[in-house]
Structures are given as C-alpha cells and as structure tokens.
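Reading through the structure tokens given below for one structure.
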Amino acid sequence: MQRVFAALLIWTLTFVSSAYAQPNNPNPAASAAPVFAPPTSIAGYHDAASELQAEKTFLAVPDAALAKEHLRILTSAPHMAGSPEDKKTADYVLEKFKEAGLDAYIQEYKVWMNLPAEIKVDVVAPQGVVMHGPTPEHVSDDPFQSDPRVVTAYNEYSPSGDVTADVVYANYGRLEDFKKLQEMGIDVKGKIAIVRYGMNFRGVKPYVAEQFGAIGVIIYSDPWDDGYFKGDKYPLGPMRPDSAVQRGSIQYLFRYPGDPTTPGFASLPDLPDSKRVPPEKATDLSKVPTTPLSYQDATPIMANLGGPDSPRDWQGALPFTYHVGPGPVKVHMVLKQNYQWATMYDVIGMLKGSQSPDEWVVSGNHRDAWVYGAVDPNSGTAAMLESVHGIGQLLKTGWRPKRTLVFCSWDGEEEGLLGSTEFAEQHADELKNAVAYFNMDVAVAGPNFGASAVPSLKQFERDVAKGVPSPKGGSVYEQWKLSSEKEEKERNSRVNSALGGSPREPNAKVKQDVNVGDLGSGSDFTPFLQHLGVPATDIGSHGPYGVYHSVFDNFAWFTKFGDPTFVYEKQMAQVFGMQALRMADADVLPFDYEEYAKEIAAYLKSAEQKSKDTFGAQSPSFTAAQQAAQRMQKAGAEMLKTQTKATGDTAMMNDALINTERAFVIDGLPGRPWFKHAIYAPGEYTGYAAVVIPGVNESIDRKDLATTQQQLQVLSDAINRAAGVLEKGAAPAAGGASGK
Ligand SMILES: [Zn+2]
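Residues in the sequence shown are numbered consecutively from 3, following the working numbering.
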C-alpha cells in the first residue's frame with residue numbers, strides 16, 4: 003500500500019526540475035554524468051576483496067529486459083489476495099525462486115476478509131442533483147480497464163451498512179479537522195462525513211469519524227492531491243483521471259495488523275475457530291460503513307454542500323468554493339460486504355547459511371494487488387525476482403552465504419499486512435536471531451531513490467547505495483544525494499503543506515548526510531520491527547504517480563510513465579539484493595548504535611518540550627531517560643570502535659549487535675499491546691508516519707500525566723537495556739578472544 007502522498011511530495015518538488023525530464027536532458031552540456039567507481043572497503047568486512055568480487059558477480063546479473071518480462075506476466079490479470087490469479091502469481095514466484103536454487107515453498111494462512119457484494123452511493127437530495135456511484139473507472143484509451151475481474155472500488159474491512167444522511171465535509175479526516183468542525187459548531191453526529199485522501203493512513207479517517215459520531219464515511223480523491231492539479235491525467239500524463247478510485251484497507255492497523263481473528267499468533271489453516279477471536283470482537287475493524295469515490299462521483303456531493311465556507315486550506319481543486327455542510331446534499335449509501343475466510347499464499351525461499359544458519363537475513367515484498375498493481379507492488383516483485391536471479395548466479399560460482407538468506411513474497415499486504423504478520427507471528431522464535439528485515443513495496447514509480455530505516459541501519463543504506471551504479475551515472479548514493487538536496491532546497495522555498503512531510507524525512511537529523519526516513523507503517527516491515535524488534539529498512543524509487551490503487555496502475559501506465567526502459571527496476575534489484583548479500587556475509591554486523599542513540603536523544607528533547615508545553619510545572623523529569631540515551635550513545639561509540647578493529651572470533655560482538663534492537667521490545671504500548679517497540683510505532687492518528695518514542699509522545703498528546711510518567715520509566719529502562727547489551731558486547735572483543 004504505502005505512501006502515495008510521499009511520492010507526490012517528491013514529485014511536486016522535482017517535476018519542474020530535471021528529474022522527470024531526465025530521458026530527454028534539456029541541457030546535456032551542463033551535466034556530464036559522473037562515472038561509477040565501486041568502493042574499495044566495506045564496513046563490517048576484514049578483507050573486502052572477496053566480498054567486492056561477489057558483489058561484482060551479483061551486480062552483473064539483474065536484467066532490465068527480464069524484469070520487464072516478470073512485470074508483464076505478474077500484472078497480466080487482476081490478482082487480489084486470495085484469488086485464483088493471485089495463486090498463479092505465487093506459483094510463478096515459486097518457480098523463479100526454485101530456478102535460482104532457493105529451498106522454496108508456499109505457506110498458506112486462513113484469514114478473515116471481505117469482498118464487495120454490492121456498493122452503491124446515490125445522491126438523494128436536493129432535487130435535481132443526480133449521482134449514482136461508483137461509476138466504473140474508464141478513460142479514453144487503456145488496454146486493461148475493461149477486464150470483468152477488476153474489483154469494484156471499495157474499502158477493505160468496512161462493515162456492511164445502509165445509511166441515508168446529510169453530508170459534512172471534513173477535509174483529510176484528521177483529528178484536527180474534526181476538532182475544527184466542532185469549533186465551527188458543525189455537528190458530525192448522525193451525518194455522513196466526506197473526506198479526501200491524503201495526509202494520513204485511510205483507516206485513521208473512519209477511526210476519527212467514528213469518535214465524532216459519523217454514521218458513514220466517503221473517502222474521495224481530490225484532484226488537488228493527485229489529479230489534474232498536479233499534472234496531466236492518465237493516459238496523457240501520469241496523474242489520476244476523473245473516474246479513478248483509490249481502493250484500500252481501513253483496518254485499524256495502528257491497533258494491530260494481520261488477520262483480525264489472530265492477533266499475536268499465526269492464522270494457520272488448521273487453527274480451529276475456537277482458538278480465534280470472533281470477528282465481531284476484533285478491535286482492529288471499523289464500525290462505520292466507509293467507501294471510496296472518484297472525484298467525478300464526489301463532485302455533485304461537494305458542489306451541493308451548504309453551510310459555511312470551509313477553512314481556506316481545506317479547499318481542493320474542484321472548480322467551486324468548498325462548503326462544510328451539513329447538507330442540503332443527502333446521500334444514500336448501501337454497502338453489502340461479503341465477509342468470508344480466504345487463503346493467503348506467501349512464497350518463502352531460503353538459502354541456508356554456511357557459518358551462522360540461525361541468523362536469518364530476511365528480504366520481502368508483497369505480491370497481491372488491488373487490481374493489476376504494476377507499481378504497487380509488482381515493480382517490487384519483478385525487482386526482487388532479479389535480485390534472486392543474481393544470487394542464483396552467484397551460487398553457481400560456489401559461493402554460499404554465511405548467514406541464512408530468506409526471501410519472502412507476501413500475500414494480503416493490501417488488506418492489512420496479512421501474509422507478513424502471520425509469518426512473523428508463526429516464526430517469532432526463529433526470528434529472535436534475525437539480523438535484519440529488508441522491505442520493498444513500491445520499488446519503482448519514478449527515478450528518485452529513497453530509503454527509510456532504523457537509525458542503526460541508516461549508514462548501511464547509504465553504504466549499499468554507494469556500491470550500486472545509477473542509470474543517471476555515478477552511484478545510486480550520488481544521485482540520491484543530488485535529488486534530496488534539491489528537494490530540501492525546494493521544501494524551504496515553497497512548502498506544499500497539504501502534501502505533508504515525506505516519511506523519508508527523519509524525525510531527527512543527527513548526521514549531515516542524505517536523509518534516511520523513519521519507519522511508521524503501511525507496509526510489511528511493521529511486524530518484524532514493531533512486534534519482534536528486528537532491525538528493518540524500506541526502499542523505493544519514486545516519481546509522479548497518480549494512479550495508486552486504481553485500475554490504471556497497470557503495465558500500460560508503467561511502461562509509459564513509471565520506468566519505460568526498466569533501468570530503475572534493474573537498479574532496485576541490485577540495491578535490494580546487495581543489502582542481503584552484505585548483511586549475510588559481514589564479519590562484523592554493520593550496525594551503528596551511536597547514530598541510533600543520538601536520534602533517541604533528539605526525540606527525547608522534542609518530547610520534553612512538548613511535555614512542558616502541555617503539563618507546565620507538572621511536566622515529569624526527562625533526566626533519567628536522557629542519561630540513558632547518553633549512556634547508550636557512549637556505548638554505541640565504543641562499540642563502533644570495537645567493530646572497526648575487531649579481528650578473529652566476532653560471534654559475541656555480533657550477538658550483542660543483534661540483541662541491541664531487541665532491548666527496545668517492551669510489553670506493549672498503552673492500549674495496543676501488539677505493538678512492542680519502545681522507539682517506533684505507526685501513529686494512532688497518522689497510520690503511515692512513524693510516531694517516535696510512542697508511549698511517551700502519545701500519552702502527552704492525550705494529556706495523560708500519569709501514563710507519561712510511567713511510559714518514561716518504561717522507555718528509560720529499554721534504553722538502559724540497549725546500552726547494557728552494547729557495553730557487554732564491546733568489552734570481551736576489545737580485550738581479545740571471545741568464546742561462543
Ligand atoms: Zn503496496
């Protein structure tokens with residue numbers, strides 16, 4: 003699923019500059035492309051030569067033409083999770099994993115989900131206004147739009163319902179938007195709220211609307227956010243056409259993701275119903291009937307709202323002044339959802355490590371799509387298959403990974419991270435030793451590389467990008483640096499506030515280098531990092547992309563706008579595979595816990611200020627937590643020195659490096675015990691964007707002093723635990739031999 007608005011932000015900032023015009027460089031004389039020079043040393047390797055040789059062999063394999071062929075085959079039919087076409091894509095991936103030499107199998111899970119049986123949204127007042135939606139998605143020319151298997155646009159995990167009510171416009175459906183309506187004296191109770199996509203995870207919108215008493219929610223795509231206001235509409239340009247709808251899940255995944263009936267344990271096919279949570283008791287399911295619309299269908303509703311003018315920053319790009327209502331426009335919504343058990347098909351491919359087989363290096367991408375999913379997610383699947391192809395060729399030279407490589411093709415990500423969550427819950431024990439989880443969802447929507455990671459892996463991401471050539475010349479790192487510097491400059495000069503911050507923007511900038519963002523949610527890294535404490539990353543390459551979750555995210559769009567020559571597919575295959583290779587074979591794991599501690603210290607500083615602003619003189623002391631962060635920073639710096647000079651047996655040090663992230667695992671966040679990471683969680687009111695030190699920050703937001711104090715203690719303990727693990731791990735290796 004993940005961050006369409008981030009892609010848009012990046013696009014907005016670069017559209018006028020050279021990035022999008024790259025295939026047809028307007029000023030070739032001014033930009034002689036830099037030449038790629040591979041690095042000569044690698045962090046974590048005593049002797050980089052053999053690793054660099056292996057990387058060279060690997061990098062030569064991923065192939066643009068083969069990636070194109072994978073994408074064409076994977077996107078030849080709509081393949082929603084659990085469908086027969088989805089199973090076919092699983093079989094295709096299984097075959098490719100086996101061809102490359104992986105031990106591969108399909109893991110099935112039984113999950114609770116819905117398909118739309120009947121979706122109707124009709125305008126019933128005022129007289130003379132006619133709209134019977136949702137109108138099927140259609141443009142003048144697209145080869146894929148008329149397939150009868152294209153699912154009606156709907157929101158997964160909406161309840162069924164039949165409601166008729168006056169409509170109120172609530173902007174992006176954020177907490178502050180509904181509060182603003184309240185201030186304006188507009189009561190949402192008993193009304194249908196119409197909100198626009200963007201700014202938060204779509205599941206947050208009905209979550210907040212429910213709290214304010216709405217009985218129905220319509221989420222529409224405003225042309226301001228990803229339509230004609232941003233550029234030409236598909237098929238002329240890459241942006242959202244009038245009839246295109248953003249499908250998507252409204253699962254309350256900030257409570258818990260995965261199968262709603264099995265929070266914390268795996269929904270294996272033979273798990274009896276008696277061991278499952280009855281769906282009506284699942285706390286991650288919306289109670290408000292919710293459905294998406296195109297702006298073509300939303301226009302008659304928006305145009306006929308009365309009441310006061312909306313606040314001016316709520317105005318979108320439809321050609322009239324937006325009012326908030328309520329009414330006089332009245333809507334009748336009929337949603338008949340067919341809830342049922344469905345089968346998920348994860349494809350897992352393993353390559354056993356020769357030296358440390360219990361240490362897993364896991365890489366994953368989801369395969370299921372709302373419709374064809376050329377960008378989301380199969381640009382990632384095609385790239386992953388070429389990564390695996392490269393590793394297969396490396397195997398033929400006699401190379402074996404030191405640690406175990408695991409490649410995962412997830413199912414049911416779009417519904418609620420189903421396949422990845424169930425796998426992580428099933429393998430929680432084995433994953434205690436997992437070294438890292440590398441995620442890739444939207445691999446390619448355009449030419450601008452970006453990454454998010456836990457702070458300990460931010461430098462690792464930069465280093466990997468230095469080792470891969472960019473199609474624009476030089477390394478991926480050099481091009482990433484150029485495009486992000488440009489973005490930063492643009493951001494300072496003309497902030498486009500309604501597009502929000504990019505999730506690639508870290509909450510704290512402690513290093514003068516390319517920004518690597520923080521991990522919130524909206525993709526499959528969530529169960530690994532936030533439930534189990536496995537260090538994680540997420541990468542992608544972005545550009546103008548307005549067809550997210552519509553029928554038009556297909557092979558025709560991709561070959562016209564996304565990556566016509568598939569060179570960015572090749573790049574992402576190289577980066578994705580290189581992460582796994584470097585982590586699997588490192589003598590000393592390349593984690594930087596000094597950078598991690600510095601970021602935590604910065605989070606604490608911001609939270610302390612917020613606490614003072616909120617609680618005044620009663621604000622609790624942050625001293626103990628800050629001291630813990632300082633202790634960890636010192637231990638992280640010591641560890642870095644030891645990592646650099648370590649020789650011989652590094653097993654104990656590596657154990658410590660693996661266990662440091664686990665030290666952040668706590669019993670659970672207040673009100674959402676499934677989320678167990680003390681430093682990162684998806685925000686309850688943002689969904690995609692990370693909330694840092696969430697136990698503390700969200701308690702302050704709730705103005706709950708007692709919980710803030712208690713969560714500060716939990717956090718200080720976790721940071722001290724991490725510091726302790728680092729101190730112990732660095733000590734024996736510094737003194738010479740270590741035993742394991
Ligand atoms: Zn996705």
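Cβ coordinates follow ideal geometry from the N, Cα and C atoms, glycine included.
Exposed unless 16 or more other CB atoms sit within 10 angstroms - verdict on residue i
{"i": "His134", "result": "exposed"}
{"i": "Lys277", "result": "exposed"}
{"i": "Ser623", "result": "exposed"}
{"i": "Lys191", "result": "exposed"}
{"i": "Gly250", "result": "buried"}
{"i": "Asn202", "result": "buried"}
{"i": "Lys338", "result": "exposed"}
{"i": "Pro28", "result": "Because Pro28 sits at a pLDDT of 44, beneath the cut-off of 50, its placement in the model cannot be relied upon, and the point is left open."}
{"i": "Phe180", "result": "buried"}
{"i": "Asp189", "result": "exposed"}
{"i": "Asn367", "result": "buried"}
{"i": "Lys1", "result": "This structure cannot settle anything about residue 1, because the visible part of the chain is limited to 3 through 742."}
{"i": "Thr323", "result": "exposed"}
{"i": "Gln635", "result": "buried"}
{"i": "Ala8", "result": "Low local confidence applies: a pLDDT of 40 at Ala8 is under 50, so the model's placement there is unreliable, with the coordinate-based value given in what follows. It counts as buried."}
{"i": "Lys70", "result": "buried"}
{"i": "Ala619", "result": "exposed"}
{"i": "Glu178", "result": "exposed"}
{"i": "Lys332", "result": "buried"}
{"i": "Gln129", "result": "exposed"}
{"i": "Ala31", "result": "Its pLDDT being 45, under 50, Ala31 is placed unreliably by the model, and the measurement read from it follows with that caveat. Ala31 comes out exposed."}
{"i": "Ala725", "result": "buried"}
{"i": "His391", "result": "buried"}
{"i": "Arg198", "result": "buried"}
{"i": "Val727", "result": "buried"}
{"i": "Arg151", "result": "exposed"}
Minimum C-alpha distance to residue i - residue among the options
{"i": "Tyr347", "options": "Val113, Asp540 and Gln635", "result": "Val113"}
{"i": "Gln55", "options": "Pro40, Ala69, Ala66 and Ala67", "result": "Pro40"}
{"i": "Tyr236", "options": "Asp168, Phe557 and Met186", "result": "Phe557"}
{"i": "Gly329", "options": "His551, Ala172 and Glu282", "result": "Ala172"}
{"i": "Met386", "options": "Gly351, Ser356 and Thr406", "result": "Gly351"}
{"i": "Lys483", "options": "Asn435, Val518 and Val512", "result": "Val518"}
{"i": "Ser148", "options": "Glu97, Pro80 and Leu104", "result": "Pro80"}
{"i": "Ala720", "options": "Ala680, Thr710, Trp676 and Tyr47", "result": "Ala680"}
{"i": "Ala746", "options": "Ala102, Ala430, Gln184 and Asn509", "result": "One cannot answer for residue 746 here, as it falls past the ends of the chain, which runs 3 to 742."}
{"i": "Gln481", "options": "Val512, Leu397, His544 and Leu407", "result": "His544"}
{"i": "Gly375", "options": "Ala447, Asn661, Ala305 and Ser718", "result": "Ala447"}
{"i": "Arg369", "options": "Pro36, Val727 and Ile75", "result": "Ile75"}
{"i": "Leu287", "options": "Leu583, Pro262, Gly670 and Thr42", "result": "Pro262"}
{"i": "Lys283", "options": "Gln298, Asp299 and Thr264", "result": "Thr264"}
{"i": "Gln109", "options": "Ser269, Gln573, Thr688 and Asp360", "result": "Ser269"}
{"i": "Leu255", "options": "Pro274, Trp362, Pro271 and Arg204", "result": "Arg204"}
{"i": "Ile217", "options": "Pro243, Ser85, Pro291 and Val326", "result": "Pro291"}
Near ligand 1: residue i beta-carbon under 6 angstroms from a heavy atom
{"i": "Asp378", "result": "yes"}
{"i": "Asp540", "result": "no"}
{"i": "Asp615", "result": "no"}
{"i": "Asp272", "result": "no"}
{"i": "Asp594", "result": "no"}
{"i": "Asp744", "result": "The first residue shown for the chain is 3 and the last is 742, placing residue 744 beyond what the model contains."}
Those residues which DSSP pairs with residue i across a bridge
{"i": "Arg405", "result": "Ser358"}
{"i": "His134", "result": "Asp124"}
{"i": "Thr345", "result": "Lys112"}
{"i": "Phe563", "result": "Note: Phe563 sits in no beta bridge, so no partner."}
{"i": "Lys338", "result": "Glu120"}
{"i": "Ala167", "result": "Val333"}
{"i": "Glu158", "result": "Ser251"}
{"i": "Ser623", "result": "Bridge partners of Ser623: none, in fact."}
{"i": "Phe451", "result": "Ser543"}
{"i": "Thr264", "result": "Note: Thr264 sits in no beta bridge, so no partner."}
Cβ of residue i within 7 angstroms of any chain C Cβ
{"i": "Met654", "result": "Checking the listed chains, one finds no chain C in this structure; it contains a single protein chain."}
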